[in-house]
Amino acid sequence: GVPPSSPLLAGLNPEQLAAVTLPNGHALILAGAGSGKTRVLTTRIAWLLQNGHATPGGILAVTFTNKAAKEMVARLTAMLPVNVRGMWIGTFHGLCNRLLRAHHKAAGLPQAFQILDTQDQLSAIKRLCKQFNVDEERFPPKQLAYFIAGCKEEGMRPGDVPAHDADGRKKIELYQLYEEQCQREGVVDFGELMLRSYELLRDNDPIREHYQRRFRHILVDEFQDTNRLQYLWLKQIAGDEVAGRLQSHASVMAVGDDDQSIYAFRGARVGNMADFVREFDVQHQIKLEQNYRSYSNILDSANHLIGHNSRRLGKNLRTTQGAGEPVRVYEASSDLAEAQWMVDEIKQLVRSDGFERKEIAVLYRSNAQSRVIESALFNASVPYRVYGGLRFFERAEIKHALAYLRLLENPNDDTSFLRVVNFPPRGIGARSIEVLQDAARAAGCSLHDAVSAVPGKAGTNFKAFVAMIDVLREQTEGQSLRGIIEQMLESSGLVEHFRTEKEGADRIENLQELVNAAESFVTQEGFGRDAVALPLDEHGQPLTQSVPTQSPVSQGLDPNAPVLDEPLKPTNPTTPAGIIDSDTGETLSPLVAFLTHAALEAGDNQAQAGQDAVQLMTVHASKGLEFDGVFIGGLEEGLFPHDNSSGDRDGLEEERRLMYVAITRARKRLYLSHSQTRMLHGQTRYNVKSRFFDELPEECLKWITPKQQGFGSYAPNSGAGGAYGSSARAQFGFKSETFASPPVPPQKAAPSHGLRAGIAVFHTKFGEGKVLAIEGTGDDARAQVNFPRHGTKWLALSVAKLTVVD
Ligand code: ATP
Ligand code: MG
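Per full-length UniProt numbering, the very first residue in the sequence shown carries number 24; after that it's consecutive.
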């Protein structure tokens, strides 16, 4: 093989090295947990770039979470200096969003389309059901949402769905009406992001061919959890099928582990692996069998457990690390006692064993379990951070604030309109809203456009609301994101309203946190600053070795080099948030980019990211991550394995894979626990310990007997109920000092391209306009320009050819 000549490759084992340095061609890396799949993927990207086999623009990498994408970017920039902006690294949703923004017209969407999260989607469906007098007993909105998402995951539009009976036809009709409503309002749900961009590529030859030529290396992590549509999306971007054979210029590398497939309930198809091998005619298959993550007591437990599953592709995992500590198992009398045991052990790990808190994770099967654990951590003043659950961007007051911001960008967003038209209260009753909705329906327009049709006092109130939004839009034109949000908080009356409310102080603080989140978003995404951060070596010196960000051809260096990065006309360079309209050079305003971020990355609360806090999350959310110490609680029949799934064999095997994922997150210490009684959903349940305990090797476990009552710090019934209020606050960490977010210095943009606010410019499509603001430098420079006939737009200066008008 290839000698590990470069420091990039040092330390890789022979199989990893082979995978990293594979020649072109499609490849499948099938390997167990902790064997370095993600590391191989990241190192391969670095290797491709370093050796000139690819340019940043020629790489498409798909990760399972936004967090994983960020980590991959961080590791890459630590390996070599590279303009990560040019690379398409992200989740399927993030990448689809990027595609749709760049080609929104071809996709039939407004550029500033808004993304509905699951909550928004449900309220949109409820609104629809009401409007069409749908019997919600017969067609529960939640089920409709599930039905629609399922159809989209299979790539089916209403016309493609087979109807078996009257109910089926009704559901399809509602799906159709829902789509029309979304289209009218300029909003898309998560499933739509995927399906719409799939159709965009399918139906638009020049766009598809552009990306097929552009992406020479497509790398997919966690491939076992892709669904049908995602697989087809990948296949399409890899090449066209001619006479049953995939003609592809790209090399697709998929890495995965069939034992970690845990999203079947959301349409994931482990069968995509076999399809991939067959349909892509995969030339390279590599297995990695060395686990670098865990001590053998942990690894043996995982292997032993997963050995109870029947349908497996078959892999081995060994570790050269020692046995390590035994896996500790605790039987608690109650969920409170279990949580207290965890807290005591965590304190011990931090105090005596020198573990960092952020290297300790508490994992649970369902979100409802977290409250008790949070409460115990909170009472013990142990900083912690919760992923998932009610996320920052999903809190009511934040959703209200975001609704106002969305209306600034898109007055036709009826979901947002309804959310805030009477919040804070403006004396607009339900009856008046019905009148407005009827008027909008009759005129076939948005609520915003229908206000003048409403007579009397109600009409006056509606008009005042619309005028307030319109004035706010004018006032904030050309302002920074921070300025826009602060002005909105004032004008909308939100802050004023919460000042008079009982729990209002918390909410005002959260609204303030929204301003901070926007501020750090602007900084992180490079709005207003040079985005290419040069990494430092271990001595703090800038690394000098550099990677070309342009293709060798366009630099005129090597006439024989393959065209790696052929541009779509006009050139499609990188930009903050990476999103530019391919026709006009129009870019997203910072506000739209921020709203997109709020919808797509609701779970990653950047403000706390660097804190040394214990990590709480569901097992599902922990996939791909690793921690020095891991606690898995609630190992009880009915909970883990879960009631919903343990009935049939497929369900039970998925639960077992979930447990396998949980165990393999641990590097050094693993703690398992179950409790005899548990309060769940308002009921005390008496639980039997999980069957999974019987599937673990006894010699790796150490059973711990509960401490004597009164000996430890645990006191039964110690006001857990009362603690919930405070724990709910601590969940987001905005109250306690330990979580305080570091102040983010404001970034000043240097002037560029000879433009400045106030001067007149000419754009070939939009005509004459006036520059309102400039942000960023170099390739990232953008101008906000007001065009009398086209409104205010953000334009990427490297694409939009603006000429100064004297
Ligand atoms: P999962 O299936 O959980 O996603 P994975 O296969 O993606 O796991 P990685 O997360 O890439 O595994 O690697 C697990 C750990 O092992 C990481 O800390 C990684 O840095 C380390 N590791 C991987 N390969 C090596 C190696 N050759 N030498 C030392 N450490 C390694
Ligand atoms: Mg991984």
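C-beta: ideal position from N, C-alpha, C; glycine also. If you're wondering where the values come from, they're calculated on a predicted model, not measured in any experiment.
Out of the options, point me to the one whose CA is closest to residue i's CA.
i	options	result
E500	P447, A277 and L428	L428
L216	K175, D228 and R251	K175
S389	A685, A780 and E609	A685
R394	E382, K381, A644 and R408	R408
Q137	I508, E208 and K93	E208
F446	P164, A54 and S514	S514
N484	R496, A465 and V458	V458
Y234	L257, Q247, L218 and D244	L257
E302	E519, L51, E721 and H127	L51
A325	L648, L517 and Q283	Q283
V828	Q535, V784 and V822	V784
F663	L200, W364, F213 and L386	L386
G178	R779, P37, N250 and I68	N250
P720	I329, R334, A189 and G109	I329
D190	V210, L167, N295 and R180	L167
R289	Q253, L695, A419 and F617	Q253
G506	G482, Q535 and K480	Q535
residue 849	D529, A297 and D281	Past the boundaries of the shown model lies residue 849; the chain is included only from 24 to 829, so the question cannot be answered.
A277	A806, L681, I285 and N295	N295
F650	E382, L103 and R239	E382
I195	K153, L820 and R180	R180
K90	V494, L658, K480 and K646	K646
L200	H187, S220 and V157	V157
In chain order, what residues of the same chain lie with their CB nearer than 7 Å to the CB of residue i, ignoring the 5 residues before and after it?
i	result
T787	K824
V366	A399, L400, A403 and V405
F440	L430, L470 and H471
D143	T438
M95	T65, A84, T86 and I112
Please list the terminal residues of the continuous beta strand (DSSP E) segment that includes residue i.
i	result
N809	R805 to F810
A147	From DSSP, A147 is part of no beta strand (DSSP E) but of the alpha helix (DSSP H) over T141 to Q154.
T707	Q706 to Y709
D651	F650 to I655
T114	No beta strand (DSSP E) holds T114; DSSP gives it neither H nor E.
K793	G790 to E798
F785	A783 to H786
M640	V637 to T641
R268	R268 to S271
A56	Here A56 belongs to no beta strand (DSSP E), and DSSP marks it neither H nor E.
A384	I383 to Y387
K725	L724 to I727
So for residue i, helix, strand or coil by DSSP?
i	result
N339	coil
E457	helix
V305	coil
S821	coil
L815	As written in the sequence, residue 815 is Thr, which differs from the Leu given in the question. If DSSP states are grouped into helix, strand and coil, T815 belongs with the strands.
T249	coil
G279	strand
A291	strand
A360	helix
E38	helix
T700	strand
Note down, in chain order, each residue of its chain lying with its Cβ closer than 8 Å to the Cβ of residue i, except the 5 sequence neighbours on either side.
i	result
F789	T607, V808, F810, R812, H813 and K816
F488	V444, R449, I451 and V474
E509	V538
Q498	Q510 and S514
T343	Q313
A556	Interpretation of A556 is limited by its pLDDT of 30, a score under 50 that renders its predicted location unreliable; no figure is taken from the coordinates.
G777	V827
Q699	E354, A355, S356, S357, Y709 and N710
P349	N320, C723, L724 and K725
I260	L83, L224, R231, Y234, Q235, F238, I241 and A273
With respect to the alpha helix (DSSP H) encompassing residue i, which residues constitute its N-terminal and C-terminal limits?
i	result
R236	D228 to R237
K60	K60 to Q73
D673	R672 to I686
G615	Note on residue identity: the sequence assigns Val, not Gly, to residue 615. Here the alpha helix (DSSP H) through V615 covers P613 to L623.
Go through its chain and collect everything with a Cβ distance to residue i's Cβ below 6 Å, but skip five positions before and after it.
i	result
A476	A462
Q: Note down, one range per segment and in chain order, each alpha helix (DSSP H) of at least 4 residues found wholly within the segment 493-519.
A: 504-514
Q. What are the uninterrupted segments assigned as alpha helix (DSSP H) that are 4 or more residues long and contained completely in the segment 517-546, given in chain order?
A. 517-522
(Q) Could you tell me which whole beta strand (DSSP E) segments of length 3 or greater appear in the segment 390-458? (A) Segments of the beta strand (DSSP E) lying fully in the segment 390-458: 407-409.
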